[in-house]
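**Student:**
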Amino acid sequence: MTDKPYYETMYILRPDIPEEEVESHLTKYSDMLVQAGAEILDNQMRGKRRLAYPISKHKEGIYVQLSHQGDGQHVEVLEKAMRLSEDVIRYLTVKQNGPLPTPRVTTPSESKDESEDQTDTQKEKDSEKEQKQETEN
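Quick note on numbering: the sequence shown equals residues 413 to 549 in this note's numbering.
As structure tokens, then:
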């Protein structure tokens, strides 16, 4: 097997922290891994999602996925920092074998298309509600 193993860390941040602070966590943990000798393969914010069960009285969380490669010693440094952070409510690091993940690149046009799709979906829901109200009256 010629592929070197890499690691994926998924962590959940408290839902009530501001977006600027979420960005600072992304850069903080990435920088920490680089200083520990690891290479960052991918860093994605997956967004706010509902949790399967309450964790520390939180029903939602901000999910972040971090793919990194190194000798394995850097995982201990990362997990210790997450354990001590009050903003991280859960984390899990998994060792992966196989091809390296390809970083997901979002272009400004894709972000715009996604926001337009969400707006269209909301408009459809609003029109359906209006139609239901008219039929009830």
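Just so you know, even glycine gets a beta-carbon here, dropped at the ideal spot from N, CA and C.
The structure displayed is predicted, hence computed values, not measured ones.
#1: Tell me the DSSP bridge mates of SER479?
#2: Could you check which residue in ILE467, PRO511 and LEU512 has the C-alpha nearest to that of TYR503?
#3: Across which residues does DSSP place TYR441 in a beta bridge pair?
#4: Can you give me the start and stop residues for the alpha helix (DSSP H) that LYS492 sits inside?
#5: Count the other CB atoms within 10 Å of the CB of SER479; is the residue buried (16 or more) or exposed (fewer)?
#6: Figure out for me which residue from PRO430, VAL434 and LYS440 has the closest Cα to the Cα of MET457.
**Tutor:** Looking at the coordinates:
#1: For the purposes of this step, residue 479 is taken as residue 67 along the sequence shown, with counting starting at 1. In DSSP, SER479 forms a bridge with GLU420 and ASP454.
#2: Against the sequence shown, residue 503 aligns to sequence position 91. The candidate whose alpha carbon is nearest that of TYR503 is ILE467.
#3: For the purposes of this step, residue 441 is identified with residue 29 of the sequence shown, where counting begins at 1. In the DSSP output, where bridge partners are listed per residue, TYR441 has none listed.
#4: Working through the sequence shown from its first residue, we reach residue 492 at position 80. First-last of the alpha helix (DSSP H) with LYS492: 485-496.
#5: Against the sequence shown, residue 479 aligns to sequence position 67. Buried.
#6: Position 45 of the sequence shown, counted from the start, is the residue given in the question as residue 457. Comparing alpha carbon positions, the residue from PRO430, VAL434 and LYS440 closest to MET457 is VAL434.
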